[in-house]
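I have placed the structure first, in the form of structure tokens, so that the comments after it can refer back to it.
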Amino acid sequence: MKTFQKPLTQGEETEYIRLLREGTPEEAKQAKDILIERNMRLVAHVAKKYQNADEDMEDLISIGCIGLIKAVDTFDDRRGRLATYACRCIDNELLMLLRGKRKTSKEVSLFEPIGQDKEGNEIHLMDVIEQQQPDILDAMELTGNIRRLFRLMKESLTEREREILLMRYGLSGKKECTQNETGAALGISRSYVSRIEKKALNKLREKFEQG
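All you need for our numbering is the position in the sequence shown, starting with 1, plus 951.
Laid out in structure tokens, this is it:
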């Protein structure tokens, strides 16, 4: 997938939204372009939810962009961050595309009801995510990086290297162990564990930086 620009900081976002609403026509146009360009990574992340729906990824991103543009045009900054609101608009646009083609996605929409609160109001998955992760973009990026890391562990490391990292860092349900405990469990010395661990981490770092 192509590389997109980094998201705006909250301060930058606030300023560009102000220019969009209060600036000259030229300033407003420039602000809108920047708000769209700097949120393209969010479009790609949301579109990835539907990559198994027999749709070309580029087409999904193109449709998602429509949702992003609508979000920028209608966003009310008194209700939080643009990324959270844009995520809803992008998701809705993609769902309309898939439903229009009578295709059903196996993924769960972030905005479909999952229950009710004590007052009888509908609760959506996005409501839960927002409570746990104030910045939805950061949460999605972290999840993607974790999945990528585990994939690289399977593809790039030997069985022993994987086993040592899983034990050392308590991954995949394993108890976190010291180098001495890991060595004792595998029948090797602590110094050997240290060398293998360092080599494995260097491998992962190189692969991760290659993109």
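The C-beta atom is built at its ideal place from N, Cα and C for all residues, glycine as well.
- Counting only residues of its own chain and dropping the five nearest sequence neighbours on each side, I1012 has a CB closer than 7 Å to the CB of V994, A995, A998.
- Assignment of I1097 by DSSP, reduced to helix, strand and coil, places it in the helix class.
- Between A979 and L971, the CB-CB gap stays under 7 Å.
- Nearest neighbour of A1135 by Cα position, chosen from A1151, S1123, I1115, K1150, turns out to be I1115.
- A residue is called buried when at least 16 other Cβ atoms come within 10 angstroms of its Cβ; M1008 does not meet this threshold and is exposed.
- Minimum Cα-Cα distance from E988 among the listed residues E973, K1000, Y967, E977 corresponds to Y967.
- From the listed residues R1119, V1144, N990, D984, the smallest Cα separation to T960 is found for N990.
- Where S1145 is concerned, the enclosing alpha helix (DSSP H) starts and stops at 1141-1161.
- Pairing E1006 with K1000, the inter-Cα distance amounts to about 11 Å.
- Inclusion of V1144 and T1129 in the CB contact set at 7 Å is not warranted, their separation being larger than that value.
- By the 16-neighbour rule on beta-carbons within 10 angstroms, T1035 is buried.
- With fewer than 16 other beta carbons inside 10 angstroms of its own, M1047 counts as exposed.
- Under the DSSP assignment, N1131 falls in the alpha helix (DSSP H) whose first and last residues are 1130-1137.
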